[in-house]
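A.B. asks: I am attaching a structure below and will ask some questions about it afterwards.
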Amino acid sequence: QKEVEQDPGPLSVPEGAIVSLNCTYSNSAFQYFMWYRQYSRKGPELLMYTYSSGNKEDGRFTAQVDKSSKYISLFIRDSQPSDSATYLCAMRVAGAGSYQLTFGKGTKLSVIP
Amino acid sequence: GAGVSQSPSNKVTEKGKDVELRCDPISGHTALYWYRQRLGQGLEFLIYFQGNSAPDKSGLPSDRFSAERTGESVSTLTIQRTQQEDSAVYLCASSLEQGRTGELFFGEGSRLTVL
Numbered sequence: 005q006k007e008v009e010q011d012p013g014p015l016s017v018p019e020g021a022i023v024s025l026n027c028t029y030s031n032s033a034f035q036y037f038m039w040y041r042q043y044s045r046k047g048p049e050l051l052m053y054t055y056s057s058g059n060k061e062d063g064r065f066t067a068q069v070d071k072s073s074k075y076i077s078l079f080i081r082d083s084q085p086s087d088s089a090t091y092l093c094a095m096r097v098a099g100a101g102s103y104q105l106t107f108g109k110g111t112k113l114s115v116i117p
Numbered sequence: 033g034a035g036v037s038q039s040p041s042n043k044v045t046e047k048g049k050d051v052e053l054r055c056d057p058i059s060g061h062t063a064l065y066w067y068r069q070r071l072g073q074g075l076e077f078l079i080y081f082q083g084n085s086a087p088d089k090s091g092l093p094s095d096r097f098s099a100e101r102t103g104e105s106v107s108t109l110t111i112q113r114t115q116q117e118d119s120a121v122y123l124c125a126s127s128l129e130q131g132r133t134g135e136l137f138f139g140e141g142s143r144l145t146v147l
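The structure is reproduced here in structure tokens:
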């Protein structure tokens, strides 16, 4: 089993839809959870990050972490064509010197006008 | 520059040739990372530099891969005797030491094609 599993899609939704993106993981030591957005032929950019379990909201984006289920989600409300990109989940353990991020494969999202 | 700069943006080479990829991090960022992104795969950690500490080379896939960094500035990733399986996008990222957790700033990558 890979440490981080993410459905690669592709996922195609109409403009205005609510999008749900998910990752599961196996390493219970992961404490920091991130979502990166990567446009075609660009580098990833940090979208959201959370520590441990719970929800975090930023505009149209909500990140959820359920450590008991080892499951994280990213919700996008009122999706826009500009949200079309690949979304990568990433996570790492806590503690000094822990800097390696473990990434999912990414889910490619297309929002159709 | 304002962001992480990588060159070349595209490189096509023949199997067996050596290639050198360059990364110029954001000024003041002490931490620098190299990742590899193969088609349809997640980002794969290669190497990490932090200030003057010994780099973490644990992700380098073989001894054909090496990387250097001069102080807290430019880094080069060298791949010797390239193989077709080395074809990928090589991404460089930098951060303020360990940064705000998870906040790595990535360059646009160097797309390597080995024929």
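Taken in sequence, the protein lines are chains A and B. FYI, the working numbering numbers position 76 of the first sequence as 80, with every residue one higher than the one before it. FYI, the working numbering numbers position 22 of the second sequence as 54, with every residue one higher than the one before it. Beta carbons: idealized from backbone N, C-alpha and C, even for Gly.
#1: Can you tell me which of 80/B, 39/B, 35/B, 71/B puts its alpha carbon nearest to the alpha carbon of residue 58/B?
#2: Using a beta-carbon distance below 8 angstroms, is residue 123/B in contact with chain A?
#3: Pick out whichever of 94/A, 112/A, 113/A, 110/A has its Cα sitting closest to the Cα of residue 104/A.
#4: If we ignore side chains and look at the alpha-carbon of each, how far apart do residue 86/A and residue 126/B end up?
#5: Measure the CB-CB distance between residue 40/A and residue 25/A and report whether it falls below 8 angstroms.
#6: Is the beta carbon of residue 52/B sitting closer than 8 angstroms to the one on residue 108/B?
#7: Helix, strand or coil for residue 49/A per DSSP?
#8: Checking 8 angstroms against the spacing of the C-beta atoms, do residue 30/A and residue 74/A come in under that value?
#9: Comparing C-alpha positions only, which one of 53/A, 45/A, 113/A sits nearest to residue 36/A?
#10: Output the distance between the C-alpha atoms of residue 48/B and residue 34/A, rounded to the nearest integer angstrom.
#11: Of all the CB atoms in chain B, is at least one closer than 8 angstroms to the CB of residue 60/A?
#12: Considering only DSSP beta bridges, list what residue 43/A is partnered with.
#13: Between residue 121/B and residue 74/B, what straight-line distance do the alpha-carbon atoms span, to the nearest angstrom?
#14: Tell me, please, which residues DSSP counts as bridged to residue 61/A.
#15: Residue 146/B lies in the beta strand (DSSP E); which residues open and close that run?
#16: Under the rule that 16 or more other beta-carbon atoms within 10 Å means buried, what is residue 44/B, buried or exposed?
#17: Under a three-way DSSP split, which group does residue 82/A fall into?
#18: In the structure shown, what three-state DSSP assignment does residue 69/B receive?
C.D. replies: According to the structure shown:
#1: Looking up residue 58/B in the second sequence gives position 26. Checking every option, the nearest Cα to that of residue 58/B belongs to 35/B.
#2: Position 91 of the second sequence, counted from the first residue, corresponds to residue 123/B. With 8 angstroms as the cut-off, residue 123/B counts as an interface residue toward chain A.
#3: In the first sequence, the residue the question calls residue 104/A occupies position 100. The candidate whose alpha carbon is nearest that of residue 104/A is 94/A.
#4: Sequence index remark: in the first sequence, residue 86/A carries index 82 (1-based). Sequence index remark: in the second sequence, residue 126/B carries index 94 (1-based). Each residue's alpha carbon lies about 26 angstroms from the other.
#5: On the first sequence, residue 40/A is found 36 positions in, with the first residue counted as 1. On the first sequence, residue 25/A is found 21 positions in, with the first residue counted as 1. Contact: no.
#6: By one-based count along the second sequence, residue 52/B stands at place 20. By one-based count along the second sequence, residue 108/B stands at place 76. Yes, they are a contact pair.
#7: Here residue 49/A refers to the residue found at position 45 when the first sequence is read from its first residue. Note: residue 49/A maps to strand in three-state DSSP.
#8: Against the first sequence, residue 30/A aligns to sequence position 26. Against the first sequence, residue 74/A aligns to sequence position 70. Using a Cβ distance threshold of 8 angstroms, residue 30/A and residue 74/A count as a contacting pair.
#9: Numbered from 1 along the first sequence, position 32 holds the residue referred to as residue 36/A. Cα-wise, what sits closest to residue 36/A is 53/A.
#10: By 1-based counting over the second sequence, the position of residue 48/B is 16. By 1-based counting over the first sequence, the position of residue 34/A is 30. Between residue 48/B and residue 34/A, the C-alpha separation is close to 39 angstroms.
#11: Residue 60/A sits at position 56 when you count from the first residue of the first sequence. So no, residue 60/A is outside the interface.
#12: By one-based count along the first sequence, residue 43/A stands at place 39. According to DSSP, residue pairing for residue 43/A in a beta bridge does not occur.
#13: One-based indexing of the second sequence puts residue 121/B at position 89. One-based indexing of the second sequence puts residue 74/B at position 42. Rounded to whole angstroms, residue 121/B and residue 74/B show a C-alpha spacing of 11 angstroms.
#14: Residue mapping note: residue 61/A aligns to position 57 of the first sequence, counting from 1. Note: residue 61/A sits in a beta bridge opposite 66/A.
#15: Here residue 146/B refers to the residue found at position 114 when the second sequence is read from its first residue. Here the beta strand (DSSP E) through residue 146/B covers 142 to 146.
#16: Here residue 44/B refers to the residue found at position 12 when the second sequence is read from its first residue. Label assigned to residue 44/B: exposed.
#17: Here residue 82/A is taken as the residue at index 78 of the first sequence, counted from 1. Three-state result, residue 82/A: coil.
#18: Walking along the second sequence from the start, residue 69/B turns up at place 37. The answer is strand: DSSP assigns residue 69/B an E or B state.
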